[in-house]
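S.K.:
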Amino acid sequence: MTATVATSPGLASRLINRVLAVKPLADFIKGQARQKIINRAEKIGVPWRQESETLRNCVGDAELARVENPELTYPDYYRVSFHAYETGNLSWLAASEVEVAARAVHAPIWPDAGVRGDAKLRQSYHDVIADVVAPSSPEAPKDILDIGCAVGMSTFTMQELYPEAQLTGLDLSPYFLAIAQYRSEQRNININWVHAAAEATALPDASFDLVSICLVCHELPQAASRQIFREARRLLRPKGHLAIMDMNPQSELFAKMPAYVLTLLKSTEPYLDQYFSLDIESALTEAGFETEATVKNSPRHRTVIARAC
Numbered sequence: 320m321t322a323t324v325a326t327s328p329g330l331a332s333r334l335i336n337r338v339l340a341v342k343p344l345a346d347f348i349k350g351q352a353r354q355k356i357i358n359r360a361e362k363i364g365v366p367w368r369q370e371s372e373t374l375r376n377c378v379g380d381a382e383l384a385r386v387e388n389p390e391l392t393y394p395d396y397y398r399v400s401f402h403a404y405e406t407g408n409l410s411w412l413a414a415s416e417v418e419v420a421a422r423a424v425h426a427p428i429w430p431d432a433g434v435r436g437d438a439k440l441r442q443s444y445h446d447v448i449a450d451v452v453a454p455s456s457p458e459a460p461k462d463i464l465d466i467g468c469a470v471g472m473s474t475f476t477m478q479e480l481y482p483e484a485q486l487t488g489l490d491l492s493p494y495f496l497a498i499a500q501y502r503s504e505q506r507n508i509n510i511n512w513v514h515a516a517a518e519a520t521a522l523p524d525a526s527f528d529l530v531s532i533c534l535v536c537h538e539l540p541q542a543a544s545r546q547i548f549r550e551a552r553r554l555l556r557p558k559g560h561l562a563i564m565d566m567n568p569q570s571e572l573f574a575k576m577p578a579y580v581l582t583l584l585k586s587t588e589p590y591l592d593q594y595f596s597l598d599i600e601s602a603l604t605e606a607g608f609e610t611e612a613t614v615k616n617s618p619r620h621r622t623v624i625a626r627a628c
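Under our numbering, the final residue of the sequence shown carries the number 628; numbering is consecutive throughout.
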């Protein structure tokens, strides 16, 4: 049996939603999904448990206090289970496993990519951005905002693409940002880490030339994505660019995904149906952007580049 992921949930997807609505079943399936990723990591040579434990021993409350905004109110959609963590992204465990999980999840994107799959995916994203906004061009961004930066993996690679730019990484999880701060100190890179909601950043108007949203939108309800696009438009200077890389709902791999694999995926991604039914180009137009490029940058991902009108 295969499950087709279309612009609206098909029969198999709706049946999966009913199964996942039963908490004991959902908890069991989440556990299976988590174990599957850990097994994959260790099979390709990523020491999941060892790396996670080492990181938790290096980063703690002191780093958390440096980045956390104690007055921040978390949106309701963020207080749900993500990626098989009951408390979602608001825990040290989730934060310490971001890097190993990325390498495991992205390993099978290309045949034989293995542990290099994550780096190859990010490079494919940057290749698309560089085709539109060349690092050596007069339009090269001076100020860049990375929305949903997590532990900084996307921020650090963006810094490599535009080494002269000033980077700001923004995320809702202070645990993620504490690790990002630790990693930036290891690299001796000056990055501004901001603990805020992407829908209402409180950052100044027209303060960035490029806003990047990398592997974030599939974790959001549609209303939040639309609000974030509008916020990105507010933050961009005239003719600034918004770059988005995420799952490609039109990918043949998703269309032919076996139902049991889709069940595992949906158990860890509560807003997947909403993301797959989002017309992202239309949403960007409504937010004040003109889409300049939509490119399939991997067998299952796409990049959208838009310019502020």
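Each residue gets a CB set at the ideal place from its N, CA and C atoms; glycine is no exception.
Run through DSSP, which three-state label would I566 get?
M.R.: According to the sequence as given, residue 566 is Met; it is not Ile. Strand at M566.
S.K.: Rounded to whole angstroms, what's the CA-CA distance from D524 to N507? Just pull it up for me.
M.R.: One C-alpha to the other measures close to 29 Å.
S.K.: Does the Cβ of E382 have 16 or more other Cβ atoms within 10 Å, making it buried, or fewer, making it exposed?
M.R.: buried
S.K.: Which word fits F347, buried or exposed, when buried means at least 16 other C-beta atoms lie within 10 angstroms of its C-beta?
M.R.: Classification of F347: exposed, given that the 10 Å Cβ count is below 16.
S.K.: Rounding to the nearest angstrom, what Cα-Cα distance links V517 and G467 in this structure?
M.R.: According to the sequence displayed, residue 517 carries Ala and not Val. Rounded to the nearest angstrom, the two C-alpha atoms are 7 Å apart.
S.K.: Can you tell me the Cβ-Cβ gap for S371 and S415, rounded? I've got them flagged as a contact below 8 Å.
M.R.: 4 Å
S.K.: If you compare alpha carbons, which of V447, A426, A449, P430 is closest to A438?
M.R.: Cα-wise, what sits closest to A438 is A426.
S.K.: Cutting at 7 Å between CB atoms, please list the residues of its own chain near R303, excluding the five before and the five after it.
M.R.: The first residue shown for the chain is 320 and the last is 628, placing residue 303 beyond what the model contains.
S.K.: Just how far apart, CA to CA, sit Y393 and H514?
M.R.: 11 Å
S.K.: Please work out which residues of its chain come closer than 8 Å, Cβ to Cβ, to R552, disregarding the five sequence neighbours upstream and downstream, and give them in chain order.
M.R.: L561, A606, G607, F608, A627
S.K.: Rounded to whole angstroms, what's the CA-CA distance from H620 to I547? Just pull it up for me.
M.R.: 20 Å
S.K.: Where Y481 and G436 are concerned, what is the direct C-alpha to C-alpha distance, given to the nearest angstrom?
M.R.: 22 Å
S.K.: Keeping to the same chain, check which residues put their C-beta closer than 8 Å to that of Y396; ignore five residues upstream and five downstream.
M.R.: L539, P540, A543, Y590
S.K.: Tell me the rounded alpha-carbon separation between R556 and L534.
M.R.: 23 Å
S.K.: Looking only at its own chain, which residues have a Cβ that is under 7 Å from the Cβ of T610, when we skip the five neighbours before and after it?
M.R.: E600, L603, V623, A625
S.K.: If we count the other Cβ atoms within 10 Å of its Cβ and call it buried at 16 or more, is D598 buried or exposed?
M.R.: exposed
S.K.: Using the three-state DSSP reduction, which class does C533 fall into: helix, strand or coil?
M.R.: strand
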